[in-house]
Amino acid sequence: MLPILEKINEPGEYIATFKDIRQWHSILNAAVFGGVVPKFGDIEIKFRRGQFASAVEDNKKRNPDDRCCPLRISPCFPSFKVFIIILAHEMIHAWEWVVIGRMSHGKTFFQWKEKLAEQGIPLNKRYHRKFLDIPEYL
209 MLPILEKINE
219 PGEYIATFKD
229 IRQWHSILNA
239 AVFGGVVPKF
249 GDIEIKFRRG
259 QFASAVEDNK
269 KRNPDDRCCP
279 LRISPCFPSF
289 KVFIIILAHE
299 MIHAWEWVVI
309 GRMSHGKTFF
319 QWKEKLAEQG
329 IPLNKRYHRK
339 FLDIPEYL
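If you count by my numbering, then the sequence shown holds residues 209 to 346, one letter each, in order.
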């Protein structure tokens, strides 16, 4: 199987939509995660200074079977590649919250690193401009 990012590695800015987020969640879930990542509870597309996205712990007082994980995500990405890298990162947090009951950048988070690398998707705790090849003016 060819890595996802080699199949679609278009240059230029990428604008995310609800449809794109749901579609790529489904594709990544099947290709990388074996279908174990739950859908995000709610998706809010909104610019937030200093971050591309965050998965949010929700329903802390509910039964673990009812947990969900909303996603807050920027509408604009410097490239499709950055969008996929960030979405995959947040999908891991959604899986951690719903399945394990906590989010981290620890052992459970990094257990997905090799699977993501097989698809050409790097996994880090944080993504800096230089790592993502983002110009300083963005």
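Even glycine gets a Cβ: it sits at the ideal position worked out from N, Cα and C.
Predicted, not measured: the structure shown is a model, and the values here were computed from it.
Three-state class that DSSP yields for residue i in the structure shown
i	result
PHE241	coil
GLN259	strand
TYR222	strand
ARG230	helix
ILE235	helix
Within 9 Å, strictly: CB atoms of residue i and residue j
i	j	result
LEU236	MET311	no
ASP266	TRP305	yes
ILE253	ILE293	no
Own chain residues within Cβ distance below 8 Å of residue i, not counting five before or after
i	result
GLU221	CYS284, PHE285, PRO286, SER287
ALA325	LEU331
LYS323	VAL240, PHE241
Nonlocal neighbours in the same chain, by C-beta distance under 7 Å from residue i, ignoring five residues either side
i	result
ILE223	PRO283, CYS284
Contacting residues, own chain, Cβ-Cβ under 6 Å from residue i (five flanking each side not counted)
i	result
HIS301	ALA263, MET311
*asked:* Suppose only complete runs of 4+ residues qualify. What are the alpha helix (DSSP H) ranges in the stretch 288–322, listed by chain order?
replied: 288–303, 315–318
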